[in-house]
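In my numbering, the protein residues as written are 1 to 177. We put the beta carbon where it would ideally sit given N, CA and C, even for glycine. Just so you know, these numbers come straight off a predicted model, no measurement behind them. Worksheet: the structure to be examined is printed underneath.
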């Protein structure tokens, strides 16, 4: 792992930048190797443990179904209180809040406008937002008329590896930190 760059005072600025790029590439390659090793280890552990996890998940689903069936069979035990905590598991009955379902959203909107026009604003979501990609196609005078400006239009320093997979791995690691 190279953390210092060998730069002599006789280097040209471009040679210095080239040496720094080489150092960056070497460190990035080393990081990539370590990440690849980690991913391989995780795959190995996952492959070793996954069969037991899958098998136990089947047992857990079956045990939950058996418990739910027993509660349903003996519903009279859960009139008061409606739920009980047994071994850290809450069992019993609870009122379901339900959910609103519909097949055609457009039809529902039309019927709201027809039957409940006074409540339409609170029952229908209307969103209008500027499309940034479309606005980017406008000229500067057109943007100015709309109260928009172009931001961050100057030159930016670019330091990006060519291989995007490595960049994704590094970005993911940096986000975790």
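Terminal residues of the alpha helix (DSSP H) in which residue i lies
i	result
residue 96	No alpha helix (DSSP H) holds residue 96; DSSP gives it neither H nor E.
residue 116	Premise fails: residue 116 is in no alpha helix (DSSP H) and is neither H nor E.
Nearest residue (CA-CA) to residue i, options the options
i	options	result
residue 94	58, 81, 175, 52	81
residue 148	132, 156, 162, 158	132
residue 77	62, 27, 120, 91	91
residue 134	14, 143, 83	143
residue 123	145, 100, 32	100
residue 86	128, 71, 39, 98	71
residue 68	89, 48, 53	89
residue 150	136, 158, 156, 23	136
residue 130	48, 146, 116	146
DSSP state of residue i mapped onto helix, strand, coil
i	result
residue 104	coil
residue 124	coil
Residue-level contact to chain B via CB, residue i, 9 Å cutoff
i	result
residue 154	Any reference to chain B falls outside this structure, which holds one protein chain only.
Quiz item: At what residue ranges does the segment 126-158 contain a whole run of the beta strand (DSSP E), taking only runs of 3 or more?
Solution: Whole beta strand (DSSP E) segments, 3+ residues: zero.
Quiz prompt | Length at least 4, wholly inside the segment 9-93: the alpha helix (DSSP H) runs in chain order | solution = Correct list: 13-73.
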